[in-house]
Amino acid sequence: GVSQISETSQSVPDWVKNTAGWWADGQIDDGSFVLGLQWLVTNGIIIVEENLISTDPNLRVAFIADQSLNGVPVLNLIKSEGADMVLHQGDLDYIDDPDAWDSMISNVLGDDFPYFATPGGHEFRPFGVHDDTKWDQYQRTLQDRLNKIPGVKCIGDLGIKSSCTYKGLFFTLSSPGLKGSGHGAFIENQLNNNDHIWRICTWERTTSLMQVGIKTDLDNWEVYENCKDGGAIIATGHAHSYSRTDRKSTR
896 GVSQISETSQ SVPDWVKNTA GWWADGQIDD GSFVLGLQWL VTNGIIIVEE NLISTDPNLR
956 VAFIADQSLN GVPVLNLIKS EGADMVLHQG DLDYIDDPDA WDSMISNVLG DDFPYFATPG
1016 GHEFRPFGVH DDTKWDQYQR TLQDRLNKIP GVKCIGDLGI KSSCTYKGLF FTLSSPGLKG
1076 SGHGAFIENQ LNNNDHIWRI CTWERTTSLM QVGIKTDLDN WEVYENCKDG GAIIATGHAH
1136 SYSRTDRKST R
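Going by this note's numbering, the letters in the sequence shown line up with residues 896 to 1146, in that order.
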């Protein structure tokens, strides 16, 4: 773990401020300056929080959504970029074929590659050509893959209302607007009860104000607010829009 330093609302005494200024000007030695810092810690003005959990060095996460069985080029890019794991935000293959989807991933990345997913609307269609029971098959496939990954820990209903840790990264996998209830409370509880520095919330549906597409509104600001308040990155899919940052040097 590592340490994180935070300040309280108590004011810093003038003598400590003077000490810092004298040290910056070279008028006192390092030991005298450190004594001032130690006084701030001892008196609760600076709080050192121990045992925060950091990610493995140079951990790389690939975020994708709305994939088809023509997704091999995307998987090849993930492989070539050296990603350590994938977070897939819904609509897994569009034709409801868990075996073919898993084979596509395994053929490129391997059958034990860390691949985590949340369901999308195409995994929950009660009418038409889509079968709402297919998610259960995808979930079993994802769980089988999970069982092959050393060091990963997940709790809850995988992809529906769950959280995982892998290589020091903490992330939630949930499905607000698709299945189940209490997603906001679950996310709040999970984020409030862990010591991970890097946290990610993932789900598929978006509220209309958080997209540039024309998808219908999730109408659930609670999950957004709880993730924000818990210091987590939010990753969603659903809206068929794409944006990126790009180095100007590549133009």
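Beta carbons are placed, not taken as given, at the ideal position from N, Cα and C, and that holds for glycine. Remember, it's a predicted structure, so these values are computed and weren't measured experimentally.
Secondary structure of residue i, DSSP reduced to three states
{"i": "Gly916", "result": "helix"}
{"i": "Asp925", "result": "helix"}
{"i": "His1135", "result": "coil"}
{"i": "Thr1097", "result": "strand"}
{"i": "Ala1080", "result": "helix"}
{"i": "Asn938", "result": "coil"}
{"i": "Gly1051", "result": "strand"}
{"i": "Leu1147", "result": "Not covered by the structure: residue 1147. The range shown for the chain is 896 to 1146."}
{"i": "Leu1073", "result": "coil"}
{"i": "Lys1056", "result": "strand"}
{"i": "Leu1086", "result": "helix"}
{"i": "Leu1064", "result": "strand"}
{"i": "Val911", "result": "helix"}
Inter-residue spacing [alpha-carbon to alpha-carbon] between residue i and residue j
{"i": "Asn1115", "j": "Gly916", "result": "50 Å"}
{"i": "Tyr1033", "j": "Ile948", "result": "31 Å"}
{"i": "Lys1062", "j": "Trp1093", "result": "11 Å"}
{"i": "Glu1099", "j": "His983", "result": "9 Å"}
{"i": "Asn1087", "j": "Ile973", "result": "31 Å"}
{"i": "Tyr1010", "j": "Leu1041", "result": "8 Å"}
{"i": "Gly921", "j": "Asn913", "result": "12 Å"}
{"i": "Gly1125", "j": "Cys1059", "result": "15 Å"}
{"i": "Cys1049", "j": "Ser1057", "result": "7 Å"}
Chain-order list of residues whose beta-carbon lies under 6 Å from that of residue i (same chain, five-residue window excluded)
{"i": "Thr1036", "result": "Pro993 and Asp997"}
{"i": "Glu1192", "result": "Look at the range of the chain in this structure, 896 to 1146, and you will see that residue 1192 is not part of it."}
{"i": "Gly1023", "result": "Only weak support is given to the placement of Gly1023: the predicted model assigns it a pLDDT of 47, under 50, and the value that follows is read from those uncertain coordinates. None."}
{"i": "Phe958", "result": "Leu982 and Ala1130"}
{"i": "Val911", "result": "Gly931"}
{"i": "Ala978", "result": "Arg955 and Ala957"}
{"i": "Ala1134", "result": "Thr1101, Gln1106, Gly1108 and Lys1110"}
{"i": "His1091", "result": "Ile948 and Phe1065"}
Close-in-space but distant-in-sequence residues of the same chain around residue i (CB under 7 Å, 5 per side omitted)
{"i": "Glu1117", "result": "Gly1079"}
{"i": "Trp1030", "result": "Pro1014, Glu1018 and Phe1019"}
{"i": "His1025", "result": "Caution is warranted here: a pLDDT of 49 is assigned to His1025, below 50, making its placement in the model unreliable, and the coordinate value is therefore given only provisionally. Same-chain partners within the cutoff: Asp991 and His1017."}
Residues near residue i in its chain [Cβ-Cβ closer than 8 Å; skip 5 each side]
{"i": "Lys1043", "result": "Asp1006 and Asp1007"}
Inset, instruction - Tell me the start and end of each unbroken beta strand (DSSP E) in the segment 965 to 1024 that is at least 3 residues and wholly inside, in chain order. - result: 980 to 984 and 1010 to 1013
Legend entry - Stretch pair the segment 958 to 977 + the segment 988 to 995: three plus CB contacts closer than 8 Å: yes
Inset, instruction - Mind the definition here: the segment 916 to 928 touches the segment 936 to 943 only if three or more C-beta pairs lie below 8 Å; say whether that holds. - result: no
Inset, instruction - Please list the segments of the alpha helix (DSSP H) lying wholly inside the segment 1102 to 1133, counting only runs of 4 or more residues, in order along the chain. - result: 1116 to 1124
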